[in-house]
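Residue numbers (our numbering), protein chains in the order written: chain Z, 8 to 276; chain X, 8 to 276.
Think of the CB as a built atom: it goes at the ideal place given N, C-alpha and C, for glycine as much as any other residue.
Nothing here was measured: the structure is a model prediction, and the numbers come from that model.
Here's the structure, in structure tokens; my notes come after.
There are 2 protein chains.
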Amino acid sequence: MSLLPRLSFNQMTADPWSLEQAVRNCSASGIPYIGVWRHKMGGDAEKASAMIRREGLRVSSLCRGGWFSAATAEERRKRIEDNHRAIEEAALLGAPVLVIVSGPANGQTIEDARATVLDGLLEILPDAEKAGVTLGIEPLHPMYAAERSVVVTLKQANDLADRLSSAAAGVVVDVFHVWWDPDVLQQIERARGKIAGFHVSDWPVPLPGIFMGRAMMGDGVIELQKLRQAVDATGYDGPIEVEIFNEEIWKSADEKLLERIQKSFLEHV
Amino acid sequence: MSLLPRLSFNQMTADPWSLEQAVRNCSASGIPYIGVWRHKMGGDAEKASAMIRREGLRVSSLCRGGWFSAATAEERRKRIEDNHRAIEEAALLGAPVLVIVSGPANGQTIEDARATVLDGLLEILPDAEKAGVTLGIEPLHPMYAAERSVVVTLKQANDLADRLSSAAAGVVVDVFHVWWDPDVLQQIERARGKIAGFHVSDWPVPLPGIFMGRAMMGDGVIELQKLRQAVDATGYDGPIEVEIFNEEIWKSADEKLLERIQKSFLEHV
Numbered sequence: 008m009s010l011l012p013r014l015s016f017n018q019m020t021a022d023p024w025s026l027e028q029a030v031r032n033c034s035a036s037g038i039p040y041i042g043v044w045r046h047k048m049g050g051d052a053e054k055a056s057a058m059i060r061r062e063g064l065r066v067s068s069l070c071r072g073g074w075f076s077a078a079t080a081e082e083r084r085k086r087i088e089d090n091h092r093a094i095e096e097a098a099l100l101g102a103p104v105l106v107i108v109s110g111p112a113n114g115q116t117i118e119d120a121r122a123t124v125l126d127g128l129l130e131i132l133p134d135a136e137k138a139g140v141t142l143g144i145e146p147l148h149p150m151y152a153a154e155r156s157v158v159v160t161l162k163q164a165n166d167l168a169d170r171l172s173s174a175a176a177g178v179v180v181d182v183f184h185v186w187w188d189p190d191v192l193q194q195i196e197r198a199r200g201k202i203a204g205f206h207v208s209d210w211p212v213p214l215p216g217i218f219m220g221r222a223m224m225g226d227g228v229i230e231l232q233k234l235r236q237a238v239d240a241t242g243y244d245g246p247i248e249v250e251i252f253n254e255e256i257w258k259s260a261d262e263k264l265l266e267r268i269q270k271s272f273l274e275h276v
Numbered sequence: 008m009s010l011l012p013r014l015s016f017n018q019m020t021a022d023p024w025s026l027e028q029a030v031r032n033c034s035a036s037g038i039p040y041i042g043v044w045r046h047k048m049g050g051d052a053e054k055a056s057a058m059i060r061r062e063g064l065r066v067s068s069l070c071r072g073g074w075f076s077a078a079t080a081e082e083r084r085k086r087i088e089d090n091h092r093a094i095e096e097a098a099l100l101g102a103p104v105l106v107i108v109s110g111p112a113n114g115q116t117i118e119d120a121r122a123t124v125l126d127g128l129l130e131i132l133p134d135a136e137k138a139g140v141t142l143g144i145e146p147l148h149p150m151y152a153a154e155r156s157v158v159v160t161l162k163q164a165n166d167l168a169d170r171l172s173s174a175a176a177g178v179v180v181d182v183f184h185v186w187w188d189p190d191v192l193q194q195i196e197r198a199r200g201k202i203a204g205f206h207v208s209d210w211p212v213p214l215p216g217i218f219m220g221r222a223m224m225g226d227g228v229i230e231l232q233k234l235r236q237a238v239d240a241t242g243y244d245g246p247i248e249v250e251i252f253n254e255e256i257w258k259s260a261d262e263k264l265l266e267r268i269q270k271s272f273l274e275h276v
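Right, here's the structure in full:
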């Protein structure tokens, strides 16, 4: 059975495109889902939602909430408020999932920062439940531990989801972030029923950079089919987001990009 | 009690220096240990050993063995032979520890590559036991999983050491590689009696690069004292190697470098 009905285009794969361009291009290419970023909505989630639906697309997720840790209580309070806004935006957009990137330690010890992440999630959870938005806790690759996320393994994300113990708390599995983990298959199985999103790209060798190093599926060493099958084996049948941060792709993003993604997706995922 | 009697200078911290220059500079600065790399010995480990001892230094470790995985059986055989040579060189040099960097998957699946690492270690272990050289299994940061090491967590290294179950099998804890790990403190405690080396540097923010991104102790976010105390709490009282790969340090390596290392070491480790 073709996976194309599950394909979602995460719009940061083509940062030069406006949200409207991305949606229209997806619509013209028959891509059914789009993953949206908050800063691309021009501050009006309802308008973005209407435009996306007008073009016949569905939203797979909104990026991103999280970023809980900070050096002062006041700053941590602001982070919580921003997460409340993110949940509201997700609801207005009709995004079933708000992707949670936990944030770096930001002046806390890594242990304290991890506790702050749990506290923050517990605080925003009731809001997510009311809004019908799932918090998709995404572990990031450990190379981002200092700058993006103190949550760096799927085990941590599963532990957090277990602590939240709510239908509005799940995990997001991104192959780029988890493929190296000796426990990844066990932790995917453990995430059964809690998988709120599945993201694909590839890890090229050599990796051209830390933040912009991802590659098109098939252009790297990640065993994509093995991971996708493990995720599917848990019963997950939701959208599969293609999320690639790569400057070459940004520079050359044209109408052929989506066809290239569809081909690589079919061949390698 | 000062840690200076435990300070070891890993010579790749100053790649432009020859082994003899590194040894003389350490001797002149009162640094008691040096960590040696095989390609710096000019093919004569005995001569290197005599020179090091003449200058009053001791060797903390030899880098490196490992790199077991390969696409063909013939190539894997060559890797084993190279490890036999590395053990012999360590013995001739008087290095108590051969640092093992497992190597990337090199065309195998990551699971098969990990099995190949265990097989390789089991095969070279009797040789290490005879030679009185400890195989120091070093987990590398997961960002090197594709290019340097399929062993990426201290848990994996401990599991391997347990499987080898020999006084000639231990683990090397390098803070740069393990600081992000939610289980690092438990795994350090689990390594009690098996710690064959402890390496320090720091993780700067932002990280300037993947292979040359390490910083001087204190110039990053790693909680060095916490990790060092955890290692010491296991009873480890051996050398602490400063191993920094950083182009700026390479370019500017002069007689002041070792004093700078001693100061940072005293203040931050």
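Identity of the residue in M223/Z, A152/Z, G220/Z, D166/Z nearest A198/Z by Cα: As a first step, residue 198/Z is located in the first sequence; it is residue number 191 there, counting from the start. A198/Z has its Cα closest to that of D166/Z, out of M223/Z, A152/Z, G220/Z, D166/Z.
Going along the chain, which unbroken runs of the beta strand (DSSP E) with 3 or more residues stay wholly within the segment 57–88 of chain Z? 65–73
Strand pairing of H206/X, partner residues [DSSP]: Mapped onto the second sequence, residue 206/X falls at position 199. Paired residues: D181/X, E248/X.
Could you tell me the distance, in whole angstroms, from the CA atom of K263/X to the CA atom of A52/Z? Reading the second sequence from its first residue, position 256 is the one you call residue 263/X. Reading the first sequence from its first residue, position 45 is the one you call residue 52/Z. Between K263/X and A52/Z, the C-alpha separation is close to 57 Å.
Would a C-beta distance cut-off of 7 Å place S68/X and G204/X closer than the cut-off? Residue numbering aside, residue 68/X sits at position 61 when the second sequence is read from its first letter. Residue numbering aside, residue 204/X sits at position 197 when the second sequence is read from its first letter. Against a cut-off of 7 Å, the Cβ pair of G204/X and S68/X comes out as a contact.
At least 3 beta-carbon pairs within less than 8 Å: the segment 48–64 of chain X vs the segment 75–89 of chain X: no
Residue-chain proximity (Q194/Z, chain X), Cβ-Cβ < 7 Å: For the purposes of this step, residue 194/Z is identified with residue 187 of the first sequence, where counting begins at 1. No, no contact with chain X.
Does the segment 15–23 of chain Z come close enough to the segment 241–249 of chain Z that 3 or more CB-CB pairs lie under 8 Å? yes
Would a C-beta distance cut-off of 7 Å place V207/X and V182/X closer than the cut-off? Counting from one through the second sequence, the residue named residue 207/X turns up at place 200. Counting from one through the second sequence, the residue named residue 182/X turns up at place 175. It is a contact, given that the beta carbons lie within the stated cut-off.
Would you mind stating whether R121/X and V178/X have Cβ atoms separated by less than 7 Å? In the second sequence, the residue the question calls residue 121/X occupies position 114. In the second sequence, the residue the question calls residue 178/X occupies position 171. Contact: no.
Report the rounded CA-to-CA distance for A97/X versus Y151/Z, giving the unit in angstroms. Position 90 of the second sequence, counted from the first residue, corresponds to residue 97/X. Position 144 of the first sequence, counted from the first residue, corresponds to residue 151/Z. Cα to Cα, the separation comes out at about 36 Å.
Alpha carbon to alpha carbon, how far is E255/X from M224/X? Taking the second sequence and counting its residues from 1, one reaches residue 255/X at position 248. Taking the second sequence and counting its residues from 1, one reaches residue 224/X at position 217. So the alpha carbons of these two residues sit roughly 15 Å apart.
Rounded to a whole number of angstroms, what is the C-alpha to C-alpha distance between L265/Z and H46/X? Along the first sequence, read from residue 1 onward, the residue named residue 265/Z stands at position 258. Along the second sequence, read from residue 1 onward, the residue named residue 46/X stands at position 39. So the alpha carbons of these two residues sit roughly 47 Å apart.
Relative to the C-alpha of D126/Z, which residue among A153/Z, E154/Z, W74/Z is closest? As a working mapping, residue 126/Z is identified with position 119 in the first sequence. Measuring from the Cα of D126/Z, the nearest candidate turns out to be W74/Z.
Return the residue from the list P12/Z, S34/Z, D22/Z that minimises the CA-CA distance to W257/Z. Position 250 of the first sequence, counted from the first residue, corresponds to residue 257/Z. The candidate whose alpha carbon is nearest that of W257/Z is D22/Z.
Can you find a C-beta in chain Z that's less than 7 Å from the C-beta of Q236/X? Position 229 of the second sequence, counting from 1, holds the residue named residue 236/X. It does not: the Cβ of Q236/X has no partner Cβ on chain Z nearer than 7 Å.
Does DSSP put N113/Z in a helix, a strand or coil? To locate residue 113/Z, count along the first sequence from 1; it is residue 106. In this structure, N113/Z counts as coil in the three-state DSSP scheme.
Checking the sheet assignment: what are the DSSP bridge partners for T123/Z? Mapped onto the first sequence, residue 123/Z falls at position 116. T123/Z is not bridged to any residue.
Anyone know if the C-beta pair for A135/Z and A175/Z falls short of 7 Å? One-based indexing of the first sequence puts residue 135/Z at position 128. One-based indexing of the first sequence puts residue 175/Z at position 168. Yes; because the gap between Cβ atoms is below 7 Å, this pair is in contact.
Where T160/Z sits in the DSSP three-state scheme: Counting from 1 along the first sequence, the entry for residue 160/Z is found at position 153. Coil, per DSSP.
Let's see if you can read the secondary structure: which residues bound the alpha helix (DSSP H) around V238/X? As a working mapping, residue 238/X is identified with position 231 in the second sequence. Taken as a continuous stretch (DSSP letters only), the alpha helix (DSSP H) holding V238/X covers 231–240.
Hey, could you find the ends of the alpha helix (DSSP H) F272/X is sitting in? Counting from one through the second sequence, the residue named residue 272/X turns up at place 265. Start and end: 263–275.
Is V212/Z close to chain X, meaning its C-beta is less than 7 Å from at least one C-beta of that chain? Here the question's residue 212/Z lines up with position 205 in the first sequence. It does: the Cβ of V212/Z has a partner Cβ on chain X nearer than 7 Å.
Interface residues of the segment 54–74 of chain Z facing chain X [CB-CB below 7 Å]: none
Please report whether the beta-carbon of E82/X lies at a distance below 7 Å from any beta-carbon of chain Z. Translated into positions along the second sequence, residue 82/X becomes position 75. Cβ-Cβ to chain Z under 7 Å: no for E82/X.
Starting from L142/Z, trace the beta strand (DSSP E) in both directions and tell me its first and last residue. Indexing the first sequence from 1 puts residue 142/Z at position 135. Its beta strand (DSSP E) spans residues 141–144.
Taking 8 Å as the cut-off, does the segment 186–198 of chain X touch the segment 230–244 of chain X (at least 3 CB pairs, one atom from each stretch)? yes
Beta-carbon neighbours of P12/X, restricted to chain Z and to distances below 9 Å: For the purposes of this step, residue 12/X is identified with residue 5 of the second sequence, where counting begins at 1. Result: empty, since nearest Cβ-Cβ is about 29 Å, beyond 9 Å.
Here's the rule I'm using: 16 or more other beta-carbon atoms within 10 Å means buried, otherwise exposed. How should A35/Z be labelled? What you label residue 35/Z is simply residue 28 of the first sequence in a count that begins at 1. Exposed: under 16 other Cβ atoms inside 10 Å.
State yes or no: is the beta carbon of E154/Z nearer than 7 Å to at least one beta carbon in chain X? In the first sequence, the residue the question calls residue 154/Z occupies position 147. By this cut-off, E154/Z is an interface position.
Proximity test, Cβ basis, 7 Å: Q163/Z and chain X: Sequence index remark: in the first sequence, residue 163/Z carries index 156 (1-based). Yes - at least one Cβ of chain X is within 7 Å of the one on Q163/Z.
Along the segment 197–231 of chain X, where does the CB come closer than 7 Å to a CB of chain Z? Name the residues. W210, V212, P213, L214, I217, V228, E230
Tell me, please, whether the CB atom of V276/X is closer than 7 Å to any CB atom in chain Z? Start at 1 with the first residue of the second sequence, and residue 276/X comes out as number 269. So no, V276/X is outside the interface.
Test item: CB-CB of V106/X and A153/Z under 7 Å: Residue mapping note: residue 106/X aligns to position 99 of the second sequence, counting from 1. Residue mapping note: residue 153/Z aligns to position 146 of the first sequence, counting from 1. It is not a contact, given that the beta carbons lie outside the stated cut-off.
For the putative contact between L128/X and L147/X, defined by C-beta atoms under 8 Å, what is the C-beta separation to the nearest angstrom? Locating residue 128/X in the second sequence gives position 121, where the first residue counts as 1. Locating residue 147/X in the second sequence gives position 140, where the first residue counts as 1. That belief does not hold up - the Cβ atoms of L128/X and L147/X are roughly 15 Å apart, past 8 Å.
Report the three-state DSSP secondary structure of S36/Z (helix, strand or coil). The residue given as residue 36/Z occupies position 29 in the first sequence. Looking at S36/Z - three-state DSSP - the assignment turns out to be helix.
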